[in-house]
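If you read the sequences in order, they're chains V and U.
Following the working numbering, the numbering of the first sequence begins with 198 at its first residue and continues without gaps.
Following the working numbering, the numbering of the second sequence begins with 3 at its first residue and continues without gaps.
These notes are about the structure you will find just below.
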Amino acid sequence: MTLMNEIHAPVPADIDEPPADANRAPKMSARDVSVFYGDKQALNGVSIDIRDDRVTAFIGPSGCGKSTFLRCLNRMNDTIPSARVTGKISLDGQDIYHSNMDVVQLRARVGMVFQKPNPFPKSIYDNVAYGPKIHGLASSKGEMDGIVEKSLKRAGLWDEVKDRLSESGTALSGGQQQRLCIARAIAVDPEVILMDEPCSALDPIATAKIEELIHELRGRYAIAIVTHNMQQAARVSQRTAFFHLGEMVEYGKTSEIFTNPRERRTQDYITGRYG
Amino acid sequence: MTLLIALIAIGLVAVSAWWLAIGRARDLRGKGRLNSLPAYHGVHTLLWALLPALLMLAVWAPIQTTLVNQAVLASAEGKALPAFDMQRDAILDEARQIAAGNIDHGYNPQSEQLAPRFSEAESRYGAIGGGIALLLTFAGAALALRRVVPEFRARAGVERWIQALLVAASLIAILTTLGIVLSLLFESLRFFKLVSPVEFLFGTSWSPQTALRADQAGSSGAFGSVPLFWGTAFIGAIIAMIVAIPLGLMSAIFLTQYSPPRLRAWLKPILEILAGVPTVVYGYFAALTVAPMVRDFGLAIGITSASSESALAAGLVMGIMIIPFVSSMADDSIAAVPQAMRDGSLALGATKAETIKKVLLPAALPGVVGGVLLAVSRAIGETMIVVMAAGLSANLTANPFASVTTVTTQIVQLLTGDQEFDSAKTLAAFALGLALFVITLILNLIGLRVVRKYREAYE
Numbered sequence: 198m199t200l201m202n203e204i205h206a207p208v209p210a211d212i213d214e215p216p217a218d219a220n221r222a223p224k225m226s227a228r229d230v231s232v233f234y235g236d237k238q239a240l241n242g243v244s245i246d247i248r249d250d251r252v253t254a255f256i257g258p259s260g261c262g263k264s265t266f267l268r269c270l271n272r273m274n275d276t277i278p279s280a281r282v283t284g285k286i287s288l289d290g291q292d293i294y295h296s297n298m299d300v301v302q303l304r305a306r307v308g309m310v311f312q313k314p315n316p317f318p319k320s321i322y323d324n325v326a327y328g329p330k331i332h333g334l335a336s337s338k339g340e341m342d343g344i345v346e347k348s349l350k351r352a353g354l355w356d357e358v359k360d361r362l363s364e365s366g367t368a369l370s371g372g373q374q375q376r377l378c379i380a381r382a383i384a385v386d387p388e389v390i391l392m393d394e395p396c397s398a399l400d401p402i403a404t405a406k407i408e409e410l411i412h413e414l415r416g417r418y419a420i421a422i423v424t425h426n427m428q429q430a431a432r433v434s435q436r437t438a439f440f441h442l443g444e445m446v447e448y449g450k451t452s453e454i455f456t457n458p459r460e461r462r463t464q465d466y467i468t469g470r471y472g
Numbered sequence: 003m004t005l006l007i008a009l010i011a012i013g014l015v016a017v018s019a020w021w022l023a024i025g026r027a028r029d030l031r032g033k034g035r036l037n038s039l040p041a042y043h044g045v046h047t048l049l050w051a052l053l054p055a056l057l058m059l060a061v062w063a064p065i066q067t068t069l070v071n072q073a074v075l076a077s078a079e080g081k082a083l084p085a086f087d088m089q090r091d092a093i094l095d096e097a098r099q100i101a102a103g104n105i106d107h108g109y110n111p112q113s114e115q116l117a118p119r120f121s122e123a124e125s126r127y128g129a130i131g132g133g134i135a136l137l138l139t140f141a142g143a144a145l146a147l148r149r150v151v152p153e154f155r156a157r158a159g160v161e162r163w164i165q166a167l168l169v170a171a172s173l174i175a176i177l178t179t180l181g182i183v184l185s186l187l188f189e190s191l192r193f194f195k196l197v198s199p200v201e202f203l204f205g206t207s208w209s210p211q212t213a214l215r216a217d218q219a220g221s222s223g224a225f226g227s228v229p230l231f232w233g234t235a236f237i238g239a240i241i242a243m244i245v246a247i248p249l250g251l252m253s254a255i256f257l258t259q260y261s262p263p264r265l266r267a268w269l270k271p272i273l274e275i276l277a278g279v280p281t282v283v284y285g286y287f288a289a290l291t292v293a294p295m296v297r298d299f300g301l302a303i304g305i306t307s308a309s310s311e312s313a314l315a316a317g318l319v320m321g322i323m324i325i326p327f328v329s330s331m332a333d334d335s336i337a338a339v340p341q342a343m344r345d346g347s348l349a350l351g352a353t354k355a356e357t358i359k360k361v362l363l364p365a366a367l368p369g370v371v372g373g374v375l376l377a378v379s380r381a382i383g384e385t386m387i388v389v390m391a392a393g394l395s396a397n398l399t400a401n402p403f404a405s406v407t408t409v410t411t412q413i414v415q416l417l418t419g420d421q422e423f424d425s426a427k428t429l430a431a432f433a434l435g436l437a438l439f440v441i442t443l444i445l446n447l448i449g450l451r452v453v454r455k456y457r458e459a460y461e
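As structure tokens, this is what we get:
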């Protein structure tokens, strides 16, 4: 008896799987990536491809390195002074840890949504316009209005906030704040969106909205999501990677990971024996 | 002398009571379980023996002085004293010194006659006070010793005494502040009987030399404090802040955001040394080094009125002095902005500087403003720098190269040297002090409020 039979979610992976296109190069690929915090190794030799036409989920127990790996993909680990990354991660074939890679540009192309909603203490409009302003994406007020509206619409927040764009972003509910943060990330027109347990601070209804949103964003952006909620991984992703103790134990189609895992550790985890 | 003997006796009694209590408690412990350790019984007894008696002596000392004086004056020699205040006080004082053995003989024959009366009265009242205190010691010790029983909670008793001691300690600070305010208030009221508050608060001319004779020229006695408060604000709130806010803020940003941890560990203490330099050192640095440079610079750019005692020199040095205030407050408020804000901005592809300018500083602004208000309040109350570098002439000018004076400088001027306490000139110092106190109090209240409100916002 596997988890998939117990939860009543459809198995989207097989239904939504786009036609296989083996010739297309992956959006991002990681080869033998290890991360050290000081002397402590947090991640050991992870290799994975992230394709732009599907959602990739990272699951695993707390402290398994899944968030650490996610943060490598847009070099957010750079903000931690003791962190050191080895191996190779490339975006469209370009090494993102190479010295000629502009971190600022990289993060504009690889956006991130955090565990706890973190809107700036500014108006809703300014929250969304923050990125485009920095990167000079709009040359006029009208153009900026357009970007803000489009981003909020894509994040499914427009109808709820269109009449109060000048109110503070921190006054929204938790779920709305998280969608605002997604809108903020979308506004700079990224190619990849990384989500670090985006629903862990939200109630079930807000979570359902975010998951719905992830479905809608799929195909437009390559999406990588870290979650400790296995049902969520099953619901939103087409590929799942299982991490344990700093290693990637298993990677494959979500449906297969959940119904027919190859590794014993994966099976133990998804059937709730630990984690 | 009698008091000293009483003190020693009290100490001996208390120590023996302590010893007895410990002994009794140990005996009791041999027989069964005690609620408190013998040491607590000992301390409890010691406190009961010591503190009421000492408290009584502290209250008694000033009363005794009055009683002794009354007794001496009531004696035959005392009644023969001259009525004139100063002479009478001088003789009394001399007699007291002879009685205490500080001097061998007095210049006044009367004081030598009076001295034995003093000795008698002193020893009489000393014996009374000391006796009462000693009785209290015995009573306290007996009371406490009777309570050395197994179920008595001596620990809780000691705890209450300690609590009372701590309350007393904090009350002393509070009562002193109250006393300062009251003394300022009463002297100021005397001043305002001589000079109208309207003239003091709104007058624009300050010239506190009052004429001693009606025909004396050049001493108008004008008490308009506006030029002083302008000078204070010009130096402390304007020039010093123009220096301190940008430098303090930028060093805080560097220290929190850019500096590697090891450099920060060195730089921050060095910056804080600035706060530990005695203000008098800043004062002569301002007067001897900065002021001539400022004057030469002023002359070089064609300002002929540039004075060697300029608002600019004092303000610049004061600004340097309060950099640590501004920077440590800014440091705290920037560090209090959640890491999530920083990450959110960086993840959108903002650079460090953009993140600081657009996210960190706006979020930290209330804390920074609070810190600046506290720094201003500190700056306008600052005395030594302006006394040495700002000058004495009460000019109402916005020319930073001109000499201005400040409230604190004038207070120092008014109160140094021989002063009589019935003239408006001297009393003006208290009115100025009161006004300054009120202003800094308000600034502190607003500043602390802003800082606290801001802290709550993120917790």
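Note that CB positions come from ideal geometry on N, CA and C, so glycine has one too.
What three-state label does DSSP hand residue i in the structure shown?
i                 : result
Ile336 of chain U : helix
Phe298 of chain V : A quick correction: the sequence has Met, not Phe, at residue 298 of chain V. Met298 of chain V falls in the coil class under three-state DSSP.
Tyr286 of chain U : helix
Ala419 of chain V : strand
Ile441 of chain U : helix
Lys288 of chain V : The residue asked about is misnamed: residue 288 of chain V is Leu in this sequence, not Lys. Correct three-state label for Leu288 of chain V: strand.
Leu240 of chain V : strand
Val74 of chain U  : helix
Val151 of chain U : coil
Ser125 of chain U : helix
Pro210 of chain U : strand
Arg281 of chain V : strand
Ala313 of chain U : helix
Ala141 of chain U : helix
Ser259 of chain V : coil
How is the beta strand (DSSP E) around residue i delimited, first residue to last?
i                 : result
Val252 of chain V : 252-256
Gly250 of chain U : Careful: Gly250 of chain U lies outside any beta strand (DSSP E), inside the alpha helix (DSSP H) at 242-255.
Val389 of chain V : 389-393
Val177 of chain V : No statement about residue 177 of chain V is possible, as the shown extent of chain V runs from 198 to 472 and does not include it.
Does the beta carbon of residue i sit closer than 8 Å to a beta carbon anywhere in chain C?
i                 : result
Asp333 of chain U : Among the protein chains in the structure shown, which are V and U, there is no chain C.
For residue i and residue j, I'd like the C-alpha separation in whole angstroms.
i                 : j                 : result
Thr456 of chain V : Leu442 of chain V : 22 Å
Ser209 of chain U : Thr306 of chain U : 25 Å
Arg98 of chain U  : Ala117 of chain U : 6 Å
Gly257 of chain V : Thr424 of chain V : 8 Å
Tyr234 of chain V : Val282 of chain V : 9 Å
Ile12 of chain U  : Leu56 of chain U  : 9 Å
Ala51 of chain U  : Val15 of chain U  : 8 Å
Leu429 of chain U : Pro229 of chain U : 18 Å
Leu191 of chain U : Ala426 of chain U : 11 Å
Pro387 of chain V : Glu274 of chain U : 45 Å
Ile383 of chain V : Asn324 of chain V : 12 Å
Ile100 of chain U : Gly205 of chain U : 53 Å
Gln415 of chain U : Phe194 of chain U : 19 Å
Tyr109 of chain U : Arg119 of chain U : 17 Å
Leu48 of chain U  : Trp62 of chain U  : 21 Å
Phe202 of chain U : Ala338 of chain U : 44 Å
Per DSSP, which residues does residue i bridge with? Please list them.
i                 : result
Glu447 of chain V : V:Phe439
Asp246 of chain V : V:Ser226
Val307 of chain V : V:Val389
Phe225 of chain U : U:Trp208
Which residues mark the beginning and the end of the alpha helix (DSSP H) in which residue i is found?
i                 : result
Asp275 of chain V : Per DSSP, Asp275 of chain V belongs to no alpha helix (DSSP H) and is neither H nor E.
Asn324 of chain V : 321-332
Thr4 of chain U   : 4-33
Phe194 of chain U : 156-196
Gln259 of chain U : Counting along the chain, Gln259 of chain U falls outside any alpha helix (DSSP H), and DSSP gives it neither H nor E.
For the stretch 313-331 of chain V, which residues have a CB atom closer than 7 Å to at least one CB atom of chain U, in sequence order?
-> Listed in sequence order: Lys313, Asn315, Phe317, Pro318, Tyr327, Gly328, Ile331.
Positions along the stretch 266-283 of chain V whose CB lies within less than 9 Å of some CB in chain U | Taking 9 Å as the Cβ-Cβ cut-off, the stretch 266-283 of chain V approaches chain U at Asn271, Met273, Asp275, Thr276, Pro278, given in chain order.
May I ask you to list, following chain order, the residues of the stretch 282-304 of chain V that have a beta carbon less than 8 Å from some beta carbon of chain U?
-> Within the stretch 282-304 of chain V, the residues whose Cβ lies closer than 8 Å to some Cβ of chain U are Val301, Gln302, Leu303, Arg304, listed in chain order.
With 9 Å as the C-beta to C-beta threshold (strictly closer), list the residues of the stretch 362-384 of chain U near chain V in chain order.
-> Of all residues in the stretch 362-384 of chain U, Pro364, Ala365 have a Cβ within less than 9 Å of some Cβ in chain V.
Name the residues in the stretch 262-273 of chain U whose C-beta lies less than 9 Å from a C-beta of chain V; which are they?
-> Within the stretch 262-273 of chain U, the residues whose Cβ lies closer than 9 Å to some Cβ of chain V are Pro262, Pro263, listed in chain order.
Between the stretch 341-374 of chain V and chain U, which residues of the former have CB atoms less than 7 Å from a CB of the latter, in chain order?
-> Residues passing the 7 Å Cβ filter: none.
Using a Cβ-Cβ cut-off of less than 8 Å, give me the residues of the stretch 345-361 of chain U that come near chain V, in sequence order.
-> Taking 8 Å as the Cβ-Cβ cut-off against chain V, the residues of the stretch 345-361 of chain U that qualify are Asp345, Gly346, Ser347, Leu348, Ala349, Leu350, Gly351, Ala352, Thr353, Glu356, Lys360, Val361.
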